[in-house]
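To start, the structure under review is shown below, and the notes come after it.
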Amino acid sequence: QVQLVQSGSELKKPGASVRVYCKASGYTFRNYDMNWVRQAPGKGLEYIGWINTRTGNPTYAQGFTGRFVFSLDTSVSTAYLQISSLKAEDTAVYYCARDYFDASGLHPWGQGTLVIVSS
Amino acid sequence: SSELTQDPAVSVALGQTVRITCQGDSLRSNFASWYHQKPGQAPVLVMYGKNDRPSGIPDRFSGSSSGNIASLTITGAQAEDEGDYYCNSRDSGGNHLEVFGGGTRLTVL
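Residue numbers (the numbering used here), protein chains in the order written: chain A, 1 to 119; chain B, 120 to 228.
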């Protein structure tokens with residue numbers, strides 16, 4: 001079955017970097033674009049952006065340019081999210097989510113990766 | 120970028136019908152998708168397109184849209200339907216970016 005499995009929780013100090021991975025299985029990785037969404041504790045979903053899995057071209061939502069970087073390793077069907085210069089307000093659960101069909105929502109979602117930024 | 124607005128909380132009696140709404144300019148040219156999130160779990164897509172459900176989603180869930188308002192209706196709400204519901208759509212900027220509503224907390228009484 002189609003599945004996205006993410007890396008485990010991370011505890012980082014302010015100013016550090018973190019890389020979250022999202023490994024896909026059960027479908028042809030390059031056929032569907034990948035999205036990243038975060039959710040701060042007790043808050044709603046916040047869209048970070050998406051990456052074209054055929055070209056590797058990333059597009060970031062407003063407020064997520066510069067410190068957030070998407071990348072791919074298509075040989076192992078894996079997408080990555082790297083966040084640099086971490087701040088306390090980056091503390092959140094980070095989700096990857098596949099395009100279901102074009103402009104038809106996001107499905108499935110990974111299980112989420114909790115990133116805690118604290119000194 | 121676009122914004123989507125949802126009521127923060129809605130309640131429904133067990134077995135009754137409830138409508139959750141989502142308002143925003145991007146909905147004039149894009150369909151809404153809807154997600155259900157239970158505490159500690161990832162969101163799950165429950166509705167997309169004009170009125171389509173992914174495999175495994177019960178037919179008590181239905182969707183509709185008019186102008187800049189999209190609605191998710193649950194006919195005969197069950198206890199397991201409790202949780203947070205988020206709408207989303209493509210941003211009207213044409214860059215394939217998505218936008219999410221703030222979420223609606225559904226309580227089944």
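Even glycine gets a Cβ: it sits at the ideal position worked out from N, Cα and C. In this text, all values refer to a predicted model and were calculated from it rather than measured experimentally.
Comparing the C-beta of B:L123 with each C-beta of chain A, is any distance below 7 Å?
-> no
Mind pulling the beta strand (DSSP E) runs of 3 or more residues that sit fully within the segment 40-80 of chain A?
-> 45-51, 58-60 and 68-73
Which residues in chain B sit within 8 Å of A:G112, going by Cβ to Cβ distance?
-> A161
Which residues share a DSSP beta bridge with B:H155?
-> B:V163 and B:Y204
When DSSP builds the beta bridges, which residues end up paired with B:E217?
-> B:R209
Buried or exposed by the 16-neighbour rule on C-beta atoms within 10 Å, applied to B:A198 = exposed
What separation, rounded to the nearest whole angstrom, lies between the Cα atoms of B:A128 and B:R224?
-> 5 Å
Using three-state DSSP, classify B:L146 as helix, strand or coil.
-> helix
Does the Cβ of B:E217 have 16 or more other Cβ atoms within 10 Å, making it buried, or fewer, making it exposed?
-> buried
Residue-level contact to chain A via CB, B:R147, 7 Å cutoff | no
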